[in-house]
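See below for the structure under consideration.
Numbering (the working numbering), first residue to last: 58 to 318.
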């Protein structure tokens, strides 16, 4: 299977949809998929029209069931290091996109699947979704950022419990602990995710980009330092045409037309 066929990137106006499509192996991540994902991420990053990206998996069983165990089994330490590095670089590129990314988790999101979803801004889940970091059952640990992003999303104690036990949790529990934002019936997941993406796409794209950057950069800083980042970003918005258009539209009681300038 070619790199072009293991992922599908589609555009619907300002909303782009990236689908991992290896349904016969529950969309498992391997070297080929990581390369294709990185190429698609770079592609959508350079598409000026995209204001929100949806990431999902093909079929009705899995978002991404995990990394491809058959490929990993024979890896040496050096091979594993390169594989983990590739996973980190791909997920970091996704995380650093200037616009929001919503994970639409339609089924199993285990191991690398949970890690991939965690690299998105937030997660919408199907009632059928399952999450977990079961790597310890294989004698390894999460290798694509799970030990770091999961703790930042749900707290270190909950992250340690999930990683140490290898427990698999359902969508309701994922929402309860703050891993998933919302849970929808399976047949409504993509439509509801599109609604959120379209709503975000209507907002000022430069403001959304600043909000994404500041919430990320401020996370590991002292509150005072994070607040200073916010002050600078807030002020920078006043150099944009979008700020002038947004405030003029509000005062004129009309819908703003944002251009990203």
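From the three backbone atoms N, C-alpha and C, an ideal C-beta is built for every residue, glycine too.
Can you check the region 200-253 for any beta strand (DSSP E) of at least 3 residues that lies completely inside it and give the ranges in chain order? 225-227 and 239-241
For residue 261 and residue 314, the rounded distance between their alpha carbons: Rounded to the nearest angstrom, the two C-alpha atoms are 9 Å apart.
Can you list the alpha helix (DSSP H) stretches of 4 or more residues lying completely in the region 103-161, in chain order? 126-129 and 134-152
Alpha carbon to alpha carbon, how far is residue 286 from residue 176? 22 Å
Can you tell me whether residue 272 is helix, strand or coil according to DSSP? helix
Taking the CB atoms as reference points, tell me whether residue 191 and residue 123 lie closer together than 9 Å. yes
Using only the alpha-carbon positions, how far apart do residue 275 and residue 268 sit? A direct Cα-Cα distance of roughly 10 Å separates residue 275 from residue 268.
Measure the CB-CB distance between residue 170 and residue 162 and report whether it falls below 9 Å. yes
Determine the direct distance from the alpha carbon of residue 88 to that of residue 179, and round the result to whole angstroms. Cα to Cα, the separation comes out at about 25 Å.
Which of the three DSSP states is assigned to residue 86 in this structure? Three-state DSSP puts residue 86 in a strand.
Do residue 246 and residue 294 count as a contact pair if the criterion is CB distance below 9 Å? no
Taking a contact to mean a Cβ-Cβ separation below 9 Å, would you say residue 82 touches residue 136 in this structure? no
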